[in-house]
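Single-structure report; data block below.
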Amino acid sequence: MSRRRSFLIAAGILGGAVVLAAIMIALRPEPPLREPGSQAPFVTTAPATAREGAIPVYSAGTVRPRAEIDVAAQINGKVASVAPAFQSGGRMSAGAVLFRIDDADYLNRVQQARANVAAQLVALLQAEEEARIARAEYEGFLRRRGDGAPPGEASPLTLREPQLAAARAALARDSASLADAELALSRTEVRAPFSGIVRNEAVDVGQFVAAGQGVGRLYADDAVEVVVPLSDADAALIPDLWMLDAGDGDASVEATVIAEYGERTYAWSGYVDRAEAALDEQTRTIDVVVRVPDPFGGGRVTTSGGDGAEAEDGAGGPPLLVGQFVEVRIAGAAPEGYFTVPRSALRTGNEIWALRQDTLVTIVPVGVLQRADELVYVTGSLDNGQAVVLGGLQFATEGMVVRTGADGPG
0 MSRRRSFLIA
10 AGILGGAVVL
20 AAIMIALRPE
30 PPLREPGSQA
40 PFVTTAPATA
50 REGAIPVYSA
60 GTVRPRAEID
70 VAAQINGKVA
80 SVAPAFQSGG
90 RMSAGAVLFR
100 IDDADYLNRV
110 QQARANVAAQ
120 LVALLQAEEE
130 ARIARAEYEG
140 FLRRRGDGAP
150 PGEASPLTLR
160 EPQLAAARAA
170 LARDSASLAD
180 AELALSRTEV
190 RAPFSGIVRN
200 EAVDVGQFVA
210 AGQGVGRLYA
220 DDAVEVVVPL
230 SDADAALIPD
240 LWMLDAGDGD
250 ASVEATVIAE
260 YGERTYAWSG
270 YVDRAEAALD
280 EQTRTIDVVV
290 RVPDPFGGGR
300 VTTSGGDGAE
310 AEDGAGGPPL
320 LVGQFVEVRI
330 AGAAPEGYFT
340 VPRSALRTGN
350 EIWALRQDTL
360 VTIVPVGVLQ
370 RADELVYVTG
380 SLDNGQAVVL
390 GGLQFATEGM
400 VVRTGADGPG
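Residue numbers for the sequence shown follow numbering that gives the first Met the number 0, so the first one is 0 and each next one is one higher.
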């Protein structure tokens, strides 16, 4: 009896629970209705910017001297004096004496050569007078004959012509010896052939130097060069590159050399001087030579944006040093109209996914003029300020609906 009672109690509890659950379900409030979220993908965009003027061509290289020579004496001798500025880092003006060689021996040779020339002048005068007397005597002999017979040809020795020629040759020989002696004397002073900077030196007073022995290096300070490697596509952007004449100072293609010094960035103005007429066998690039006049005049302090824009903050900066690694920006061609877009906007196949009506994708084929670090210079059917897709899509179709930051990511 107790088992039956327990069973009934359990059944009653279960039945009550079922009834209570049914009542709660029946009385529950209806959930609020919510429209489903948009299925259009969310994309990030940036505006395309219309541009005019020259397209910059970017590269980098190492500064090298325009001209550099080994300093060496042309004669043998002991060094008598050395210019104070002739040491590493010193600046020498054109024609300045770098060092002098003891000239005592060379002065003696000049004196000896002058004495020989003076003696040969006397010998030449004597030979000329003797030749004149000999000709006069021969003519007098012809007049005294008076027999009407044709005169015979006088011997050159009779007229002393060989002796006169020998005297003239001896004078020319000794004059040449005098010129050589004076030239050797002038070479006791070793002068700078151009205004320059001493890279290194190894000479001091009392040192014996031999002809042709290098005692230092000097490089020109009026200009430096930067050799920058360019792809054929970048080289094609430089106007009349293959028409430039090396060293003629034609600054028609402007260039800017940029280097960091301390915590600041400095810039120097230059120009494209020439292009080397051979491809680099390893990199398959074209070496273009940029020349910078007056590198020791000091660079100007600049701040550069991603599009290469430059603002001058000041002047009187450091010199552009030989061996320094620099960035170079060359003023390339200037097409009628082009655009700049962020580099991430350029898609495979030279396409850009632009937006029309703010939400519809349109695929725009473009021509790529230049690729910079952050920007791409392109031509195509774009509008100034038109939004281009940077990210958020793996693929796109014409007319595809997307959401932008103005719509919110939700």
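Note that CB positions come from ideal geometry on N, CA and C, so glycine has one too.
It should be emphasised that the depicted structure is a prediction, and the values quoted were computed from it without experimental measurement.
Distance check between G88 and each of G195, G139, A166 places G195 closest, using alpha-carbon atoms only.
Per DSSP, A234 is one residue of the alpha helix (DSSP H) stretching across 231-234. Nearest to V360 by C-alpha distance, out of V387, L123, L26, G336, is V387.
Beyond the five residues adjoining it in sequence on each side, Q212 comes within less than 8 Å, by CB distance, of A71, A72 in the same chain, given in chain order.
Of the candidates A183, R370, A133, A133 places its Cα closest to the Cα of L163. For the pair R402 and R370, the Cα-to-Cα distance works out to about 28 Å.
Between Q393 and G379, the alpha-carbon positions lie close to 22 Å from each other.
Scanning its chain for C-beta atoms nearer than 6 Å, with the 5 sequence neighbours on each side dropped, one finds around G76 the residues I100, D101, in chain order.
About 7 Å separates the beta carbons of G298 and P317, which is inside the 8 Å limit, making them a contact pair. For A59, the CB contacts under 8 Å within the same chain, skipping 5 residues up- and downstream, are V227, F324, V325, E326, V327 in chain order. Annotation: L217 to P64 spans about 10 Å, alpha carbon to alpha carbon.
As the crow flies, the alpha-carbon of L26 is around 49 Å from that of A395.
The three-state reading of DSSP puts R144 in helix, counting H, G and I together. Annotation for S343: no alpha helix (DSSP H) segment contains it, and DSSP assigns it neither H nor E. The beta carbons of V271 and V287 sit about 6 Å from each other, so the pair counts as a contact at 8 Å. Annotated three-state conformation of V377 is strand, per DSSP. In the DSSP annotation of this structure, the continuous segment of the alpha helix (DSSP H) that includes A168 starts and ends at 160-185. For D102, no pairing in a beta bridge is given by DSSP. Here the segment 232-248 does not lie against the segment 345-360, with fewer than 3 beta-carbon pairs under 8 Å apart.
In the structure shown, the three-state DSSP call for V204 is coil.
A distance below 6 Å between beta-carbons, with the five flanking residues on each side excluded, links E224 to the following residues of its chain, in chain order: R63, R65, V288, R290.
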